[in-house]
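Trainee:
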Amino acid sequence: MFDETAEFGTRLVDAHLAAGTYHRATVLVNAVSRVTPQGGKVLDYGCGAGRISLLIARRGISVLGVEPSRELVRLANAQEAPGLPLAFRHISPSETGGVEGETFDSILCSSVIEFVPEPLDLLRRLRGLLRPMGCLLLSYANRASLWRFYAKLRFGRNERHFNRQLHVWHESEAWHILRQATFERAVSTMFFESPFDRYPALGFLSRLRAFGTLGLIIARRGNGD
Numbered sequence: 102m103f104d105e106t107a108e109f110g111t112r113l114v115d116a117h118l119a120a121g122t123y124h125r126a127t128v129l130v131n132a133v134s135r136v137t138p139q140g141g142k143v144l145d146y147g148c149g150a151g152r153i154s155l156l157i158a159r160r161g162i163s164v165l166g167v168e169p170s171r172e173l174v175r176l177a178n179a180q181e182a183p184g185l186p187l188a189f190r191h192i193s194p195s196e197t198g199g200v201e202g203e204t205f206d207s208i209l210c211s212s213v214i215e216f217v218p219e220p221l222d223l224l225r226r227l228r229g230l231l232r233p234m235g236c237l238l239l240s241y242a243n244r245a246s247l248w249r250f251y252a253k254l255r256f257g258r259n260e261r262h263f264n265r266q267l268h269v270w271h272e273s274e275a276w277h278i279l280r281q282a283t284f285e286r287a288v289s290t291m292f293f294e295s296p297f298d299r300y301p302a303l304g305f306l307s308r309l310r311a312f313g314t315l316g317l318i319i320a321r322r323g324n325g326d
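At position 127 of the sequence shown the residue is numbered 228 (my numbering), and the sequence of numbers has no breaks.
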């Protein structure tokens, strides 16, 4: 499932990059840059073919991308990234074994958690990889999005992406599980990604809870052990 879902997502990403409409990248790269100290190190957990990892590395931030699909890791390593602080590794689905013993200033986990059978277990593992006061940037499928509701009714039968999501959360549900994993709020939740992104005058609507199909939570590692 991870291979097929990741490959499907990569095709969408590449199409949007080619068209100059990959607004998700702008949101995520800016957010990572905002919370990562100069010279810091980022883990991109579930990096796919490494498109966003590459954009972050171009900001001068050291990035390690990890991914359960060997084919996508191959594609990530095939990107042109001369001299950039960027590396990719294969890991098993829902695991962090490939990076145990390392620590990071921030961790990006984008469009991953909704496909993981045991999200609390994964969040606890990711917390253990953060340095003190480090931040997790977690995107999740926004249950409150009216556009998501419409899109699932209209296209869901033909879109594997919708059918394979195990978790679709309200903001309160996302925060509940993050607190269980001993995370604390760092920045107010952001919402993004909807068809309104295509129209500059209406793009602001994607940032509303009622329209953005994805929520982005930035949570700081709590003090509990």
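Glycine included, each C-beta is placed from N, C-alpha and C at the ideal position.
Does DSSP put residue 312 in a helix, a strand or coil?
Mentor: Three-state DSSP puts residue 312 in coil, outside helix and strand.
Trainee: If I'm right that residue 126 touches residue 156 with Cβ under 8 Å, what's the distance once you round it to whole angstroms?
Mentor: Sure, about 6 Å apart at Cβ, within 8 Å.
Trainee: In angstroms with no decimal places, state the Cα-to-Cα distance between residue 290 and residue 161.
Mentor: For residue 290 and residue 161, the distance between alpha carbons rounds to 25 Å.
Trainee: What did DSSP end up calling residue 324 once you bin it into helix, strand or coil?
Mentor: Note: residue 324 maps to coil in three-state DSSP.
Trainee: Identify whether residue 162 lies in helix, strand or coil by the three-state DSSP scheme.
Mentor: Residue 162: coil per DSSP, three-state reduction.
Trainee: On the premise that residue 220 lies in contact with residue 193, defined as a C-beta separation below 8 Å, what is that separation, rounded to the nearest angstrom?
Mentor: In fact, because the Cβ distance is near 16 Å, the residues do not count as touching under 8 Å.
Trainee: Could you give the DSSP three-state label for residue 217: helix, strand or coil?
Mentor: Residue state, collapsed to three classes: coil.
Trainee: On the three-pair Cβ rule with 8 Å, is the region 239-246 touching the region 266-284?
Mentor: Flag = yes, the region 239-246 and the region 266-284 touch.
Trainee: Determine whether the beta carbon atoms of residue 305 and residue 128 lie at a separation below 7 Å.
Mentor: Contact flag unset, no.
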